[in-house]
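Q: Could you have a look at this structure, given as structure tokens, before my questions?
In this note's numbering, the protein residues as written are 34 to 229.
Below is the structure:
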């Protein structure tokens with residue numbers, strides 16, 4: 034259990050690395066004070082454009098994927114692999130390096146799923162892309178795709194551990210999007226690429 038605890042702590046630290054903030058800082062921008070103030074790829078796209086957003090997206094996905102991959106390599110089992118993935122997402126959402134503030138965890142969650150449940154990850158990504166492209170709302174894509182995550186795990190990659198992990202990830206994503214849901218209802222949510 035000591036090893037598992039250390040791996041979960043390591044995953045949180047890994048997830049805490051704020052790639053969007055780092056990329057913005059290199060360009061002389063304080064991402065927390067630009068655009069929506071969020072540290073994720075959507076805000077980076079809004080503030081700095083496609084190249085920086087792609088790098089942020091990749092970095093945030095990789096840290097989630099790496100946490101689960103390490104657990105898989107060390108054969109900790111599906112439940113603990115999932116716990117390491119969730120810890121990485123929590124690290125992104127409540128970063129050690131940003132005084133326990135952070136992003137919404139969408140890209141990091143996709144990264145976790147790519148290793149933890151690849152088929153469901155692709156399906157989740159497809160739903161997100163479809164909804165985001167059709168509506169121009171990245172937040173709505175995240176809400177819809179992760180809202181369906183437990184259902185998709187149940188249908189396409191069921192195990193008790195994976196379903197439990199999927200439910201926790203879905204709750205984390207939805208809880209971080211409460212403000213977006215309120216703005217969507219009011220019709221004031223920013224669309225993809227829309228400047229502040």
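Beta carbons: idealized from backbone N, C-alpha and C, even for Gly.
Give the secondary structure of residue 192 by DSSP, where H, G and I count as helix, E and B as strand, and everything else as coil.
A: Along the chain shown, one-based indexing puts residue 192 at 159. Correct three-state label for residue 192: coil.
Q: CB residue 97 to CB residue 141, shorter than 9 Å?
A: Working through the chain shown from its first residue, we reach residue 97 at position 64. Working through the chain shown from its first residue, we reach residue 141 at position 108. Cβ distance < 9 Å, so residue 97 and residue 141 count as in contact.
Q: Can you give the Cα-Cα distance for residue 232 and residue 192, rounded to whole angstroms?
A: Lying outside 34 to 229, the shown extent of the chain, residue 232 is not represented and no answer is given.
Q: Distance, Cα to Cα, residue 35 vs residue 72?
A: Against the chain shown, residue 35 aligns to sequence position 2. Against the chain shown, residue 72 aligns to sequence position 39. Whole-angstrom Cα-Cα distance: 32 Å.
Q: Taking only runs of the beta strand (DSSP E) that begin and end inside the region 76-155, which ones reach a length of at least 3 residues, in chain order?
A: none
Q: Excluding the five sequence neighbours on either side, which residues of its own chain have a C-beta within less than 6 Å of the C-beta of residue 147, listed in chain order?
A: Within the chain shown, the letter at position 114 stands for residue 147. Excluding sequence neighbours, residue 147 sits near 98 and 154.
Q: Measuring straight from C-alpha to C-alpha, what distance separates residue 198 and residue 42?
A: Here residue 198 refers to the residue found at position 165 of the chain shown. Here residue 42 refers to the residue found at position 9 of the chain shown. Near 17 Å, if we compare the C-alpha coordinates of residue 42 and residue 198.
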